[in-house]
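The structure appears below as structure tokens.
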Amino acid sequence: KDLYEHPDYYLLDDLLTEEHKLIRKSVREWVKKEISPVIESYAQNAEFPKHLIKGLGEIGAFGPTIPTEFRGAGLDHISYGIIMQEIERGDSGIRSTASVQGSLVMYPIFAFGSEEQKRKYLPKLATGELMGCFGLTEPDHGSDPAGMASIIKDAGSHYILNGAKMWISNSPFADIALVWAKDEEGIIRGVIVERGMEGFTTPETHNKWSLRASATGELVFDNVKIPKENILPNAKGLKGPLSCLNQARFGIAWGALGAAMDCYDTALRYTKEREQFGKPIAAFQLQQKKLAEMITEITKAQLLVWRLGILKNEDRATPAQISMAKRNSVETALKIAREARQMLGGMGITGEFPIMRHMMNLESVVTYEGTHDIHLLITGMDITGENAFS
Ligand code: TGC
Ligand code: FAD
């Protein structure tokens with residue numbers, strides 16, 4: 002891995018600033034030192050490497066675009082994308098932890114929280130001193146979050162929260178949960194639930210074949226008393242959680258390409274070294290076709306996410322553009338992972354190489370934050386004006 006260089010077939014580095022390249026270099030070095038040597042064993046043991054949290058905070062992975070006033074990194078969106086790309090080259094599960102913390106917990110507090118909430122939570126979330134999770138999905142409401150059944154009732158001095166969330170990244174160890182629930186008028190509100198509140202539990206989900214180095218669980222609320230100051234004052238309706246998803250989906254669009262690059266790089270090296278029938282397998286046309294298609298798709302996707310980053314920096318990126326990029330990057334990465342795995346023959350199924358782990362991880366990434374189908378329908382609705390969801 003010493004020689005790793007990301008593929009840059011179209012000299013796209015020319016489109017990045019010196020600061021972007023410096024950020025990439027430092028995150029890449031951190032990933033190589035901290036994630037790469039240990040990730041396979043954590044994934045095999047289905048354990049989240051908790052010791053990485055402090056370092057993730059130090060490299061600015063938690064809330065890269067949150068202003069420095071709140072101890073975010075105050076960076077632009079391309080920097081955010083680059084950080085996600087480099088972390089996901091290490092592992093999608095570690096990138097998930099960073100995505101959830103920055104885009105799904107810090108962002109809503111920053112965008113919709115009170116001044117007190119921002120001052121209380123953001124600095125500690127930025128360093129990883131506090132960890133958060135995001136509860137939108139429920140057992141009976143995944144792609145259709147508007148149907149959620151979790152409910153908050155006004156009890157005078159406080160609210161009472163009841164309901165359950167499922168498939169929640171970071172839930173088993175999170176200190177706080179940013180939960181979306183309906184009030185008595187049926188309006189979706191954001192609530193900060195703290196570990197230790199009576200009636201709040203976070204059972205872990207076991208036996209996953211995907212994102213094994215990421216902790217996933219439920220959030221169960223049984224008459225949990227929520228202080229009134231824990232409601233986000235400025236989020237009302239589904240727009241609140243969906244705005245958070247825009248931030249996270251943007252990061253995934255960049256992140257999944259990191260996994261794709263790692264698979265491509267691994268396959269390229271392997272096929273140049275592995276000999277069969279008296280020559281390197283990279284010399285056979287069938288293998289070259291696969292490699293050529295991989296680099297073509299990576300290059301196209303790199304251009305898409307770079308342009309999306311520019312639009313996001315200018316506050317012009319639409320949710321539908323973000324959907325297109327998330328869907329395209331994950332599809333590209335999954336196809337590349339599946340091809341790359343075959344190119345390594347039997348070695349491709351082992352933990353000696355990262356490909357099978359990336360491939361299995363990407364099966365979650367293609368489903369969470371809006372499934373492949375849902376993002377296609379968002380594009381369909383955007384270009385036709387016709388809603389095909391329901
Ligand atoms: P719809 O009627 O279209 O919209 C309701 C309101 O929301 C507005 N809106 C958005 N606002 C901001 N950003 C977006 N992306 C938005 N999309 C819609 C919309 O304008 C409307 O506003 P208003 O003012 O008119 O009320 O809503 P719908 O019920 O028809 O649903 C639309 C749909 C299906 C696209 C949406 O619900 C959806 O995206 N479903 C997928 C669910 C999803 O992505 N869940 C993700 C859960 S979190 C997660 O997976 C974390 S994984 C973390 C990790 O480990 O990395
Ligand atoms: P469903 O919505 O039941 O979909 C099942 C199938 O039906 C899919 O193929 C879907 O594309 C298709 N489908 C649904 N509706 C339509 C339609 N209208 N037209 C055509 N096809 C349709 N959620 C959180 O809130 N927080 C988290 O931190 C979080 N982390 C996750 C981590 C992991 C590892 C996983 C796997 C999921 C996570 N999720 C999280 C949940 C994730 O967002 C949901 O799994 C996802 O939104 C899909 O919901 P579902 O699983 O209920 O599938």
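Counting from 2, one number per residue, gives the positions in the sequence shown under my numbering. All C-beta atoms in this analysis are idealised placements derived from N, C-alpha and C, irrespective of residue type, glycine included.
- L287 is classed as exposed because its beta carbon has fewer than 16 other beta carbons within 10 Å across all chains shown.
- A check of alpha carbon separations from M344 across A127, T267 and L162 identifies T267 as the nearest.
- For H21, the enclosing alpha helix (DSSP H) has its first and last residue at E19 to W31.
- Collapsing the DSSP output to three states places N163 in a strand.
- At least one heavy atom of ligand 2 lies less than 7 Å from the C-beta of C134.
- Where F222 is concerned, the enclosing beta strand (DSSP E) starts and stops at T217 to P228.
- In summary, Y10 is exposed, with fewer than 16 beta-carbon neighbours lying within 10 Å of its beta-carbon over all protein chains present.
- The Cβ atoms of G259 and R90 lie closer than 8 Å to each other.
- In this structure, S100 places its C-beta atom within 8 Å of the C-beta atom of M85.
- Spatial neighbours of T138 in its own chain (CB-CB distance under 8 Å, excluding positions within 5 residues in sequence) are listed in chain order as P146, K166, M167, W168 and I169.
- Counting along the chain, the unbroken beta strand (DSSP E) around K183 starts and ends at I177 to K183.
- DSSP places R190 in the uninterrupted beta strand (DSSP E) bounded by I189 to E195.
- In terms of side-chain proximity, the C-beta atom of V101 is found nearer than 7 Å to a non-hydrogen atom of ligand 2.
- As summarised for the stretch 302-372, the continuous alpha helix (DSSP H) elements at least 4 residues long and confined to that stretch are 320-344 and 356-366, given in chain order.
- Annotation for D155: the continuous beta strand (DSSP E) segment containing it runs I152 to D155.
- Two segments are said to touch when three or more pairs of C-beta atoms, one from each, lie closer than 8 Å; by this definition the stretch 19-38 touches the stretch 68-88.
- Restricting attention to E387, L105, I384 and G61, the CA atom closest to the CA of S244 is found in L105.
- Note on P242: 16 or more other CB atoms within 10 angstroms of its CB, so buried under the neighbour-count rule.
- In this structure, DSSP gives T297 a helical state, which the three-state scheme calls helix.
- Per the coordinates, the alpha-carbon of F113 lies some 18 Å from the alpha-carbon of I153.
- With three or more CB-CB distances shorter than 8 Å, the stretch 249-264 counts as touching the stretch 306-325.
- One thing to note: I67 has its Cβ within 8 Å of the Cβ of F111.
- The continuous stretches of alpha helix (DSSP H) do not include F174, and DSSP gives it neither H nor E.
- Under DSSP, P281 forms a beta bridge with E276.
- Of the other Cβ atoms in all chains shown, 16 or more fall within 10 Å of the Cβ of E370; this residue is therefore buried.
- At least one heavy atom of ligand 1 lies closer than 7 Å to the C-beta of D145.
- In the three-state reduction of the DSSP assignment, F201 falls in the strand class, which pools E and B.
- Bridge pairing for E139: H142 [DSSP].
- Here A62 is not near C134, since their CB atoms are 8 Å or more apart.
- Around the beta carbon of L12, fewer than 16 other beta carbons sit within 10 angstroms, so the residue counts as exposed.
- In the structure shown, the three-state DSSP call for G241 is helix.
- The alpha carbon of S158 has as its nearest neighbour, out of K313, T385, G218 and N231, the alpha carbon of N231.
- DSSP, reduced to helix, strand and coil, places I60 outside both helices and strands of the structure shown, so it counts as coil.
- A contact between stretches requires three or more CB pairs, one per stretch, nearer than 8 Å, and the stretch 347-363 meets this requirement with the stretch 37-44.
- Per DSSP, reduced to three states, the secondary structure at G133 is strand.
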